[in-house]
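Engineer:
In the numbering used here, the protein residues as written are 101 to 254.
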């Protein structure tokens with residue numbers, strides 16, 4: 101169950117991201133456009149997105165996370181966020197609900213960032229079979245998501 105502060109932090113982060121990545125550029129390109137209605141819509145929709153991302157429906161949460169990442173981080177290559185991104189409110193919920201957006205396994209450093217622990221902590225979890233090593237190296241994203249889900253239930 102999500103806390104109120106987690107919901108508020110996620111909502112605030114989503115408003116900031118949509119505003120800076122979508123609305124502010126529109127305002128620069130279309131200075132005469134009235135974006136006040138869009139800004140109000142973003143605030144209302146961010147409330148809904150946060151509720152969906154933190155809610156009980158895993159499928160819906162995954163779909164919303166993927167949709168937000170694909171719109172907020174467009175590009176010709178798959179989204180491969182820096183380790184610091186995983187500490188953001190959207191990064192934390194994306195790790196838990198959708199995993200890594202473009203990989204089925206990640207390095208120990210990225211796994212640590214996704215879990216919010218050190219690389220050494222990840223290494224210890226792998227050695228204790230709490231995280232699964234991938235045959236190509238690193239850790240499976242599915243085992244990271246499973247670990248995050250366990251943490252959530254406690």
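Glycine is no exception: its CB is placed at the ideal position from the N, C-alpha and C atoms. Quick caveat, the model's predicted, so the values are computed rather than measured.
(1) Evaluate the contact criterion for the stretch 162-170 versus the stretch 119-135: three or more CB pairs, one atom per stretch, below 8 Å.
(2) Going by DSSP in three states, residue 240 sits in which element: helix, strand or coil?
(3) Which residue comes first and which comes last in the alpha helix (DSSP H) that contains residue 188?
(4) Quick one: residues in its chain with C-beta nearer than 7 Å to the C-beta of residue 183, no 5 flanking neighbours on either side, listed in chain order?
(5) Could you give the C-beta distance for residue 147 and residue 121, rounded to a whole number, given that I count them as a contact under 8 Å?
(6) Three or more C-beta pairs under 8 Å: does that hold for the stretch 138-146 against the stretch 180-195?
(7) Give a yes or no on whether the C-beta atoms belonging to residue 297 and residue 205 are separated by under 7 Å.
(8) Under 7 Å between C-beta atoms, does residue 174 make it to chain C?
(9) Could you check the C-alpha separation between residue 248 and residue 155 for me, to the nearest Å?
(10) Checking the sheet assignment: what are the DSSP bridge partners for residue 233?
(11) What does residue 171 pair with, by DSSP beta-bridge criteria?
(12) I need the straight-line Cα distance from residue 172 to residue 152, nearest angstrom please.
(13) From the DSSP secondary-structure annotation, give me the bridge partner or partners of residue 206.
(14) CA-CA distance, residue 203 and residue 240?
(15) Report yes if the C-beta distance between residue 245 and residue 191 is below 7 Å; otherwise report no.
(16) In angstroms with no decimal places, state the Cα-to-Cα distance between residue 45 and residue 238.
Structural biologist: Put simply:
(1) no
(2) Position 140 of the chain shown holds residue 240. In this structure, residue 240 counts as strand in the three-state DSSP scheme.
(3) On the chain shown, position 88 is the one that residue 188 refers to. First-last for residue 188: undefined, no H or E at that position.
(4) Here residue 183 corresponds to residue number 83 of the chain shown, with the count starting at 1. So the list reads 209, 210 and 213, once near-sequence residues are dropped.
(5) Start at 1 with the first residue of the chain shown, and residue 147 comes out as number 47. Start at 1 with the first residue of the chain shown, and residue 121 comes out as number 21. Contact flag wrong, Cβ pair sits at about 18 Å.
(6) no
(7) With the chain represented from 101 up to 254, any question about residue 297 goes unanswered, as that position is not in the structure.
(8) The displayed structure is made up of one protein chain only, and chain C is not part of it.
(9) The residue you call residue 248 lines up with position 148 of the chain shown. The residue you call residue 155 lines up with position 55 of the chain shown. Distance between the alpha carbons of residue 248 and residue 155: 15 Å.
(10) Numbered from 1 along the chain shown, position 133 holds the residue referred to as residue 233. Note: residue 233 sits in a beta bridge opposite 239.
(11) By one-based count along the chain shown, residue 171 stands at place 71. DSSP lists no partner for residue 171.
(12) As a working mapping, residue 172 is identified with position 72 in the chain shown. As a working mapping, residue 152 is identified with position 52 in the chain shown. For residue 172 and residue 152, the distance between alpha carbons rounds to 17 Å.
(13) The residue given as residue 206 occupies position 106 in the chain shown. Paired residues: 239.
(14) For the purposes of this step, residue 203 is identified with residue 103 of the chain shown, where counting begins at 1. For the purposes of this step, residue 240 is identified with residue 140 of the chain shown, where counting begins at 1. Their Cα atoms are separated by approximately 9 Å.
(15) Mapped onto the chain shown, residue 245 falls at position 145. Mapped onto the chain shown, residue 191 falls at position 91. No, they are not a contact pair.
(16) Here the chain has residues from 101 to 254 only, and residue 45 is not among them.
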